[in-house]
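Trainee: Take a look at this one; I'll ask things after.
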Amino acid sequence: MKNLAYLLLFVLITSCNLDSGDDVYIDPVDYKALNNKQITDYLTANALEAEKTASGLYYIIENLGDGEQPTANSNVTVAYKGYYLNGTVFDQSSNEGITFDLDRVIKGWTEGIPYFKEGGNGTLFIPSHLGYGSFDYNGIPGGSVLIFDVNLLSVN
10 MKNLAYLLLF VLITSCNLDS GDDVYIDPVD YKALNNKQIT DYLTANALEA
60 EKTASGLYYI IENLGDGEQP TANSNVTVAY KGYYLNGTVF DQSSNEGITF
110 DLDRVIKGWT EGIPYFKEGG NGTLFIPSHL GYGSFDYNGI PGGSVLIFDV
160 NLLSVN
């Protein structure tokens, strides 16, 4: 019986992942395939055509714009509306937008905003691995596809 207890303890310990603080955490769930299906279903249901990048980001350019084109390291001002696949808005800027460094935001923005030039606008469809991941974050459920209508106001 004692050997069984040691075996169970060993299995429990070795099956858990530990971070640098030795706290037990749960492996993130890989939502890539599910999110891709959710995005393609949404595009089909709404008769939308989007481009897909190698990372899994989908984007639609309504208007490319004619100003400067940012890089992944640029400081930009963007007006946006963020919502889920069901249409529920979770965040929205004012018409004046917000200013930030593209290397300090979610990966989907770092990759997607540089597809536009100043004055450009369109939509980004961001799977969770390019957004907030598989865990809940500030009210955003883990594994969520995020949709952003964006208007690139300026590259600063």
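Quick note, in my numbering, the sequence shown goes up one by one and the last residue is 165. For glycine and all other residues, C-beta sits at the position ideal for the given N, C-alpha and C. The model shown is predicted, which means the values in this text are computed figures rather than measured ones.
Rank 103, 40, 95 and 58 by C-alpha distance to the C-alpha of residue 156 and give the top, closest one.
Mentor: When only C-alpha atoms are compared, the closest one is 95.
Trainee: Could you give the C-beta distance for residue 70 and residue 125, rounded to a whole number, given that I count them as a contact under 8 Å?
Mentor: Indeed they touch by this definition, with Cβ atoms about 7 Å apart.
Trainee: Below 8 Å, can you find three or more Cβ-Cβ pairs linking the stretch 71-78 to the stretch 117-136?
Mentor: yes
Trainee: State the DSSP-derived secondary structure class of residue 164, mapped to helix, strand or coil.
Mentor: strand
Trainee: If you draw a straight line from the alpha carbon of residue 58 to that of residue 42, how long is it in whole angstroms?
Mentor: 19 Å
Trainee: Taking 7 Å as the threshold (beta carbon to beta carbon), is residue 112 in contact with chain B?
Mentor: In summary, chain B is missing from the structure at hand, where a single protein chain is found.
Trainee: Does the beta-carbon of residue 160 have 16 or more other beta-carbons within 10 angstroms, so that it is buried, or is it exposed?
Mentor: Around the beta carbon of residue 160, 16 or more other beta carbons sit within 10 angstroms, so the residue counts as buried.
Trainee: Once the 5 residues before and after residue 151 are set aside, which same chain residues still bring their CB inside 6 Å of it?
Mentor: 143, 144 and 145
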